[in-house]
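Participant:
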Amino acid sequence: MKRYIVVTLSLIMILSMLAGCAVNTGSTLNKGLGNGWQPENSMELQYAQNFSVDYYNGGYALITISDGSQYLVVPEAGDIPTGIDADITVLRQPITNIYLAATSAMCLFDALDSLDNITLSGSKTRDWYIENARTAMQVGKILYAGKYSTPDYELIMSKGCRLAIESSMINHAPEVKEKLEEVGIPVLVDQSSYESHPLARTEWIKLYAVLMGKEAVAEKLFNEQIAYMNDATSKINTGKTVAFFHISSSGYAVARKSGDYVTKMIELAGGNYIFANLRDPEKAASTVNLEMEQFYATAKEADFIIYNSTIGGVIASLQELISKNSLLRDFKAVQKGNVWCTDKNLFQETTQLGLMISDIHRMLTQDDGSLTKLNFMYKLE
Numbered sequence: 002m003k004r005y006i007v008v009t010l011s012l013i014m015i016l017s018m019l020a021g022c023a024v025n026t027g028s029t030l031n032k033g034l035g036n037g038w039q040p041e042n043s044m045e046l047q048y049a050q051n052f053s054v055d056y057y058n059g060g061y062a063l064i065t066i067s068d069g070s071q072y073l074v075v076p077e078a079g080d081i082p083t084g085i086d087a088d089i090t091v092l093r094q095p096i097t098n099i100y101l102a103a104t105s106a107m108c109l110f111d112a113l114d115s116l117d118n119i120t121l122s123g124s125k126t127r128d129w130y131i132e133n134a135r136t137a138m139q140v141g142k143i144l145y146a147g148k149y150s151t152p153d154y155e156l157i158m159s160k161g162c163r164l165a166i167e168s169s170m171i172n173h174a175p176e177v178k179e180k181l182e183e184v185g186i187p188v189l190v191d192q193s194s195y196e197s198h199p200l201a202r203t204e205w206i207k208l209y210a211v212l213m214g215k216e217a218v219a220e221k222l223f224n225e226q227i228a229y230m231n232d233a234t235s236k237i238n239t240g241k242t243v244a245f246f247h248i249s250s251s252g253y254a255v256a257r258k259s260g261d262y263v264t265k266m267i268e269l270a271g272g273n274y275i276f277a278n279l280r281d282p283e284k285a286a287s288t289v290n291l292e293m294e295q296f297y298a299t300a301k302e303a304d305f306i307i308y309n310s311t312i313g314g315v316i317a318s319l320q321e322l323i324s325k326n327s328l329l330r331d332f333k334a335v336q337k338g339n340v341w342c343t344d345k346n347l348f349q350e351t352t353q354l355g356l357m358i359s360d361i362h363r364m365l366t367q368d369d370g371s372l373t374k375l376n377f378m379y380k381l382e
């Protein structure tokens, strides 16, 4: 009897620990301020693992990112606390004149109605598929300040830039980050690309909401995407297989690695990615280049094809797809007319990944032939 009680209590403790893992709070990443202040509470995160936020009395918020960097967001009228760790970057609100080189973050600022806080872009006007961002650049509200690896330091400084937001690509040009910091411009490196769950990437809107003071807006937007995802994932797995790829200019089939966030969206939508174990341990990229014959051997029997136009270029018809490689004519999905193409804006719409999961689910389940256009995909005929 005693042994039974001990085992039962042990199981209860284990289950309690597992339940606690469902929500990430600041305690897992945060090293604290270093001056003795204790946080009042921490931001609850459902999926994101690469940042945390702790809140302190007086409206202060400490952001900790998985690369070890920390940012203390100070309210406009607040004093900078004394005795904080020297490596904590202080950001006083309002945080304006941002240089945004992390492409995936633009839609997050747009959704927060905070494009006015961005003055400089690391992408040119023609490269934006987010309408409000493109318009802001066309009318001169946002200026091109050079790509992440070759920024226009003079322009950035002349505009009084108060924060540079970089993608993880900056790790390939560390001297740029060092130079920006040398001239007094704080740098925040967005780590959302390292998140494994699709909605974890969307959840980074909560980090930018802390900078903008719009946490409630972010929570509402994030919950909308959760609802889209939950509606799709509440259904049973369809058993249908999906190939997601594009054809490179050199003729390779470029497919997503197994376990990548795009393949997880397919799985959450009730499908199965055609490549169960596609890896390339020697490269950190999220894709693998396959010889067409190698790709054909596995992907030929996929029930559906999603062609990635974001990288491979927009295509208008099945015939145009087949013209890229005649082997595609023999694919099951091509013969049955189950071929879709992504819109160019897919990878700039981080805020809409729940809706994208819903799109894939509709593609997999609506078989009456009437479905030809979704939010982020269109059918090739």
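Under this note's numbering, read the sequence shown as residues 2 to 382, first letter to last. Glycine included, every Cβ here is placed at the ideal spot set by N, Cα and C. Please read all numbers here as calculations on a predicted model, not as lab measurements.
1) Are the Cβ atoms of Ala-334 and Trp-205 separated by less than 8 Å?
2) Which whole-angstrom value describes the C-beta separation of Thr-343 and Phe-377, a residue pair presumed to lie in contact below a C-beta threshold of 8 Å?
3) Between which two residues does the alpha helix (DSSP H) holding Glu-182 run?
4) Indicate whether Leu-73 and Leu-92 have their beta-carbon atoms separated by less than 8 Å.
5) Should the segment 158 to 176 be regarded as contacting the segment 100 to 107, the criterion being three or more beta carbon pairs within less than 8 Å?
6) What does the Cβ neighbour count give for His-362, buried or exposed, with the cut at 16 atoms within 10 Å?
7) What does the alpha-carbon distance come out to for the pair Cys-22 and Asp-55?
8) Excluding the 5 residues preceding and the 5 following Leu-372 in the sequence, name in chain order all residues of the same chain whose CB lies nearer than 6 Å to its CB.
9) Let me know the secondary structure DSSP gives Leu-46 once reduced to three states.
10) Where Glu-155 and Ala-303 are concerned, what is the direct C-alpha to C-alpha distance, given to the nearest angstrom?
11) DSSP three-state label for Ala-254, please.
12) Please report the distance separating the alpha-carbon of Pro-40 from that of Tyr-57.
13) CA-CA distance, Thr-65 and Thr-151?
14) Any contact of the segment 192 to 204 with the segment 115 to 135, i.e. 3+ C-beta pairs under 8 Å?
15) Pull up the distance between the alpha-carbon of Tyr-379 and that of Asp-80, whole angstroms please.
16) Using a threshold of 8 Å, state whether the C-beta atoms of Phe-246 and Ala-254 are closer than that.
17) Taking all protein chains shown into account, do 16 or more other C-beta atoms lie within 10 angstroms of the C-beta of Asp-369, making it buried, or fewer, making it exposed?
18) Since Ala-244 is in the beta strand (DSSP E), which residue starts that stretch and which ends it?
19) Express the C-alpha separation of Leu-269 and Phe-332 in angstroms, rounding to a whole number.
Facilitator: Concretely, from the data shown:
1) To locate residue 334, count along the sequence shown from 1; it is residue 333. To locate residue 205, count along the sequence shown from 1; it is residue 204. In this structure, Trp-205 does not lie closer than 8 Å to Ala-334 by Cβ.
2) For this step, residue 343 is matched to residue 342 along the sequence shown. For this step, residue 377 is matched to residue 376 along the sequence shown. Indeed they touch by this definition, with Cβ atoms about 6 Å apart.
3) Translated into the one-based positions of the sequence shown, residue 182 becomes position 181. Run containing Glu-182: 175 to 183, per the alpha helix (DSSP H) assignment.
4) Residue numbering aside, residue 73 sits at position 72 when the sequence shown is read from its first letter. Residue numbering aside, residue 92 sits at position 91 when the sequence shown is read from its first letter. Yes, they are a contact pair.
5) The segment 100 to 107 and the segment 158 to 176 touch, with three or more beta-carbon pairs separated by less than 8 Å.
6) Here residue 362 is taken as the residue at index 361 of the sequence shown, counted from 1. Flag for His-362 reads buried.
7) By one-based count along the sequence shown, residue 22 stands at place 21. By one-based count along the sequence shown, residue 55 stands at place 54. Note that Cys-22 scores 40 on pLDDT, short of 50, meaning its location in the model is unreliable; the coordinates nonetheless yield the value given after this. C-alpha separation (whole angstroms): 18 Å.
8) Here residue 372 is taken as the residue at index 371 of the sequence shown, counted from 1. For Leu-372, where only same-chain residues beyond five positions count, there are no Cβ hits under 6 Å.
9) Counting from one through the sequence shown, the residue named residue 46 turns up at place 45. Per DSSP, reduced to three states, the secondary structure at Leu-46 is strand.
10) Here residue 155 is taken as the residue at index 154 of the sequence shown, counted from 1. Here residue 303 is taken as the residue at index 302 of the sequence shown, counted from 1. C-alpha separation (whole angstroms): 52 Å.
11) Residue numbering aside, residue 254 sits at position 253 when the sequence shown is read from its first letter. Strand, per DSSP.
12) Here residue 40 is taken as the residue at index 39 of the sequence shown, counted from 1. Here residue 57 is taken as the residue at index 56 of the sequence shown, counted from 1. Their Cα atoms are separated by approximately 5 Å.
13) By 1-based counting over the sequence shown, the position of residue 65 is 64. By 1-based counting over the sequence shown, the position of residue 151 is 150. Roughly 27 Å separates the two Cα atoms.
14) no
15) Residue numbering aside, residue 379 sits at position 378 when the sequence shown is read from its first letter. Residue numbering aside, residue 80 sits at position 79 when the sequence shown is read from its first letter. If you take the alpha carbons of Tyr-379 and Asp-80, they lie about 53 Å apart.
16) Here residue 246 refers to the residue found at position 245 of the sequence shown. Here residue 254 refers to the residue found at position 253 of the sequence shown. Yes, the pair counts as a contact, with Cβ atoms nearer than the cut-off.
17) If you number the sequence shown from 1, residue 369 lands on position 368. With fewer than 16 Cβ atoms within 10 Å of its Cβ, Asp-369 is classed as exposed.
18) Position 243 of the sequence shown, counted from the start, is the residue given in the question as residue 244. 242 to 248 is the extent of the beta strand (DSSP E) around Ala-244.
19) As a first step, residue 332 is located in the sequence shown; it is residue number 331 there, counting from the start. As a first step, residue 269 is located in the sequence shown; it is residue number 268 there, counting from the start. Going from the Cα of Phe-332 to the Cα of Leu-269 covers about 24 Å.
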